[in-house]
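In the numbering used here, the protein residues as written are 976 to 1631.
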């Protein structure tokens, strides 16, 4: 007989014990206010940018750079060096290969921090940078940052004119929300054409590859959208010299007003690291002194992203993730059935206080929609997002607030907001609707690979599940369109691409949960094909692991097993109706074996996605929350199967 929870009391007891320990551990980390807030970590570029920001805020005196934050600069440098690879370079995800832009940022930061270019670590780093193409291979934002200090030719950097805000067709809202916040602040800085001082004699000439052009704007002979925008960039550089001053001043004022307005109700501009960094620089060039309340606030919110215990641990977080962490934790605990009701009530009460009730950037395309939804961070009222909102609605299924009338009204607003945020293609994106002007991916400053925010399978799957659990019917027009979107974007191998998690395992588990929630049968070819995809990539140890390299390769790239990705695979199998396969129970066995005595799991790889191919994240509670959800779902599913079998047996006996 094949091993299953229905036939093995020992296995059932082991799974139940694992769930109990995981839930107990997670509950210990709940804050007194009811939320969870795990640290969010990324690569060394954030610490590198922190050091560059200190150079901006505290320029050299008489050529000597000795900032009042010297101690933190030193700890940031030490943090960077801890992550240097054996080949000398720096990567963008754990255990990944060296990346030229991350490596250049690290070299700049380390040299500013006082580490000599003759140091063996710097020599290895310089050699690796040159092997990767040198300074000329850096992405546009690295080149722009260096140009602010005269370390890279301004003419070889993309133009980011403030006049963008004056363009018709609500142009700035055709860019993704995060790009919009970055570009508006950076455009203000760009227009000031600053030439901030570097320390005396400081140069990065040793990083330029001999014989290579500093400008990426050379080949514009044939027509393509890329070359069209390169020609446009040439025009903009002329425009900056000849444009009527009143137009530029008007554009700068519009940008400044747009930026400052979005400080309200937010923990910094966009509540994310890059736009917060550039907003400080923008306020500076606009004339806001270091003691001005806006500037003080902007710097304080930026510094709040810092984790510094004063000794060995120093890193910058890309943003805060309390709403996201809380919603996933509450959903997992609610599904486990072992969480105390007061703990879940406290969660629901806190989440109700975080509903967004003001119109943000999303309302540009949905002006008549009543505001609702949740942001990712503590405060980011201009940017609630679809994914968080769907996740909160799922959490609410088992977490009931003290004021249930208020909660029901909130849930209805959130459902209506989600329905309004569905795109014309039937899918859901993160922050905006129909943010899909693909030609914008070819502009010179779009090489952060996140110029747009199109609908994606993972968010669409989660939204479908949330809407169905909130009472919508499968024949609702929005549900039918969402299903059609998922079927249309399924990969040939049966998987779905994951935009916000790494990668095909993530996309597939969420798409399957969404489709099955709408009532799609488990025997449908699209379901069975996706299950075969999941089973095909199981590791020998029973777990699953997927590398961030899959975003570069365009297909699944196997990796060492991780608890979070194993949990996603188990959730995918369960969603597809697989409750008995060896793949399922080998995965369950992996999670049981990998759990530590304190109820947590360890994870040594990046499984979160910021910008594919550019920036990745480590959600430090994914390793604990998703295994809890997966094993709880398994227990719940098998309990329902036993109940169904008992009913059938009872009916047969009664019939006899």
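Virtual Cβ for every residue (Gly too), placed ideally from N, Cα, C.
Tell me the DSSP secondary structure of residue 1410 in three-state form. Within the chain shown, numbered from 1, the residue matching residue 1410 stands at position 435. Residue state, collapsed to three classes: strand.
Between which residues of its own chain and residue 1491 is the CB-CB distance below 8 Å, once the five residues before and five after are set aside? Position 516 of the chain shown, counted from the start, is the residue given in the question as residue 1491. Only 1497, 1502, 1550, 1551 and 1552 meet the Cβ criterion.
What's the gap between the Cα of residue 1118 and the Cα of residue 1132? Translated into positions along the chain shown, residue 1118 becomes position 143. Translated into positions along the chain shown, residue 1132 becomes position 157. Approximately 6 Å between the Cα atoms of the pair.
What do you reckon, are the CB atoms on residue 1566 and residue 1535 nearer than 8 Å? For the purposes of this step, residue 1566 is taken as residue 591 along the chain shown, with counting starting at 1. For the purposes of this step, residue 1535 is taken as residue 560 along the chain shown, with counting starting at 1. Going by C-beta atoms, residue 1566 is not nearer than 8 Å to residue 1535.
Should residue 1219 be labelled buried (16 or more other beta-carbon atoms within 10 Å of its own) or exposed? Start at 1 with the first residue of the chain shown, and residue 1219 comes out as number 244. Residue 1219 comes out exposed.
What residues are listed by DSSP as bridge partners for residue 1290? Position 315 of the chain shown holds residue 1290. In the DSSP output, where bridge partners are listed per residue, residue 1290 has 1282.
Quick check: the Cα distance between residue 1486 and residue 1540, rounded to an integer number of angstroms? For the purposes of this step, residue 1486 is identified with residue 511 of the chain shown, where counting begins at 1. For the purposes of this step, residue 1540 is identified with residue 565 of the chain shown, where counting begins at 1. Their backbone Cα atoms lie some 15 Å apart in a straight line.
For residue 1349 versus residue 1381, is the C-beta distance shorter than 8 Å? Residue 1349 sits at position 374 when you count from the first residue of the chain shown. Residue 1381 sits at position 406 when you count from the first residue of the chain shown. Not in contact: residue 1349 and residue 1381 (Cβ atoms no closer than 8 Å).
Is the distance from the Cβ of residue 1075 to the Cβ of residue 1017 below 8 Å? Within the chain shown, residue 1075 is the residue found at index 100, counting from 1. Within the chain shown, residue 1017 is the residue found at index 42, counting from 1. Going by C-beta atoms, residue 1075 is not nearer than 8 Å to residue 1017.
Excluding sequence positions up to five away, which residues of its chain have a Cβ less than 7 Å from the Cβ of residue 1042? Here residue 1042 refers to the residue found at position 67 of the chain shown. Counting only Cβ-Cβ distances below 7 Å, and skipping sequence neighbours, we find 1029, 1033 and 1048.
Which residues share a DSSP beta bridge with residue 1036? Sequence index remark: in the chain shown, residue 1036 carries index 61 (1-based). DSSP output for residue 1036 lists 1039 as bridge partner(s).
Following the continuous alpha helix (DSSP H) through residue 1593, name the residue where it begins and the one where it ends. On the chain shown, position 618 is the one that residue 1593 refers to. Per DSSP, residue 1593 belongs to no alpha helix (DSSP H); it is in the beta strand (DSSP E), 1590-1594.
Residue nearest to residue 1527 in terms of C-alpha spacing, selected from 1559, 1561 and 1590: In the chain shown, counting from the first residue as 1, residue 1527 sits at position 552. The option with the nearest alpha carbon to residue 1527 is 1590.
Following the continuous beta strand (DSSP E) through residue 1482, name the residue where it begins and the one where it ends. As a position in the chain shown, residue 1482 is number 507, starting the count at 1. Note, residue 1482: premise wrong, no beta strand (DSSP E); alpha helix (DSSP H) at 1479-1492.
Are there 16 or more other CB atoms within 10 angstroms of the CB of residue 1224, so buried, or fewer, so exposed? Translated into positions along the chain shown, residue 1224 becomes position 249. Flag for residue 1224 reads exposed.
Which word fits residue 1120, buried or exposed, when buried means at least 16 other C-beta atoms lie within 10 angstroms of its C-beta? Mapped onto the chain shown, residue 1120 falls at position 145. So residue 1120 ends up on the buried side.
Pop quiz: residue 1064 and residue 1054 are said to be a contact at Cβ under 8 Å. What is the actual Cβ separation, rounded to whole angstroms? Here the question's residue 1064 lines up with position 89 in the chain shown. Here the question's residue 1054 lines up with position 79 in the chain shown. Not really, about 16 Å apart at Cβ, beyond 8 Å.
Closest by CA to residue 1248, which one among 1157, 1304 and 1167? Here residue 1248 refers to the residue found at position 273 when the chain shown is read from its first residue. The shortest C-alpha separation from residue 1248 is found at 1157.
Report all residues from its chain with a CB closer than 6 Å to the CB of residue 1270; omit the five preceding and five following residues, and keep chain order. Within the chain shown, numbered from 1, the residue matching residue 1270 stands at position 295. 1258 and 1263, listed in sequence order.
Where do the N-terminal and C-terminal ends of the alpha helix (DSSP H) with residue 1586 fall, by residue? Here residue 1586 refers to the residue found at position 611 of the chain shown. No alpha helix (DSSP H) contains residue 1586, which is instead part of the beta strand (DSSP E) from 1583-1586.
C-alpha distance - residue 1040 paired with residue 1174, whole-angstrom precision: Here the question's residue 1040 lines up with position 65 in the chain shown. Here the question's residue 1174 lines up with position 199 in the chain shown. Approximately 6 Å, taken between the alpha carbons.
Alpha-carbon spacing of residue 1393 relative to residue 1001, whole angstroms: Mapped onto the chain shown, residue 1393 falls at position 418. Mapped onto the chain shown, residue 1001 falls at position 26. Rounded to whole angstroms, residue 1393 to residue 1001 spans 29 Å at the Cα level.
Backbone CA spacing between residue 1240 and residue 1278 [nearest angstrom]: For the purposes of this step, residue 1240 is taken as the residue at position 265 of the chain shown. For the purposes of this step, residue 1278 is taken as the residue at position 303 of the chain shown. Going by the C-alpha atoms only, they are around 18 Å apart.
Indicate whether residue 1019 and residue 1061 have their beta-carbon atoms separated by less than 8 Å. Position 44 of the chain shown, counted from the first residue, corresponds to residue 1019. Position 86 of the chain shown, counted from the first residue, corresponds to residue 1061. Not a contact, by the Cβ cut-off of 8 Å.
Nearest neighbour of residue 1600, chosen from 1426, 1309 and 1147 [CA to CA]: Reading the chain shown from its first residue, position 625 is the one you call residue 1600. Checked all of 1426, 1309 and 1147; the closest Cα to residue 1600 is 1309.
Do residue 1300 and residue 1276 have their C-beta atoms closer together than 8 Å? Along the chain shown, one-based indexing puts residue 1300 at 325. Along the chain shown, one-based indexing puts residue 1276 at 301. No, Cβ-Cβ distance for residue 1300 and residue 1276 is not below 8 Å.
Can you round the beta-carbon distance between residue 1545 and residue 1609 to whole angstroms, since I take them to be within the 8 Å contact cut? Along the chain shown, read from residue 1 onward, the residue named residue 1545 stands at position 570. Along the chain shown, read from residue 1 onward, the residue named residue 1609 stands at position 634. Going by Cβ atoms, the distance from residue 1545 to residue 1609 rounds to 7 Å, so yes, they are a contact pair.
Please state if the CB of residue 994 and the CB of residue 1606 are separated by a distance shorter than 8 Å. Within the chain shown, numbered from 1, the residue matching residue 1606 stands at position 631. Within the chain shown, numbered from 1, the residue matching residue 994 stands at position 19. Yes; because the gap between Cβ atoms is below 8 Å, this pair is in contact.
Would you mind giving the Cβ-Cβ distance between residue 1141 and residue 1212, rounded to the nearest angstrom? I have them listed as a contact below 8 Å. If you number the chain shown from 1, residue 1141 lands on position 166. If you number the chain shown from 1, residue 1212 lands on position 237. Residue 1141 to residue 1212, Cβ: 18 Å. No contact.
Where residue 999 falls: helix, strand or coil (DSSP): On the chain shown, residue 999 is found 24 positions in, with the first residue counted as 1. Three-state result, residue 999: helix.
Beta-carbon proximity list for residue 1090, same chain, < 7 Å, skipping 5 on both sides: Here the question's residue 1090 lines up with position 115 in the chain shown. Counting only Cβ-Cβ distances below 7 Å, and skipping sequence neighbours, we find 1052 and 1097.
Buried versus exposed, by CB contacts within 10 Å (16 or more), residue 1007: Along the chain shown, one-based indexing puts residue 1007 at 32. Its Cβ having fewer than 16 others within 10 Å, residue 1007 is exposed.
Could you give the first and the last residue of the continuous alpha helix (DSSP H) run that contains residue 1392? Working through the chain shown from its first residue, we reach residue 1392 at position 417. Residues 1379-1395.
Inter-residue spacing [alpha-carbon to alpha-carbon] between residue 1444 and residue 1434: Counted from its first residue, the chain shown places residue 1444 at position 469. Counted from its first residue, the chain shown places residue 1434 at position 459. A straight line joining the alpha-carbon of residue 1444 with that of residue 1434 spans about 15 Å.
Pair within 8 Å by beta-carbon distance, residue 1319 and residue 1373: The sequence position of residue 1319 within the chain shown is 344, counting from 1. The sequence position of residue 1373 within the chain shown is 398, counting from 1. Against a cut-off of 8 Å, the Cβ pair of residue 1373 and residue 1319 comes out as a contact.
Could you please give the first and the last residue of the uninterrupted alpha helix (DSSP H) stretch that includes residue 1457? By one-based count along the chain shown, residue 1457 stands at place 482. Run containing residue 1457: 1452-1464, per the alpha helix (DSSP H) assignment.
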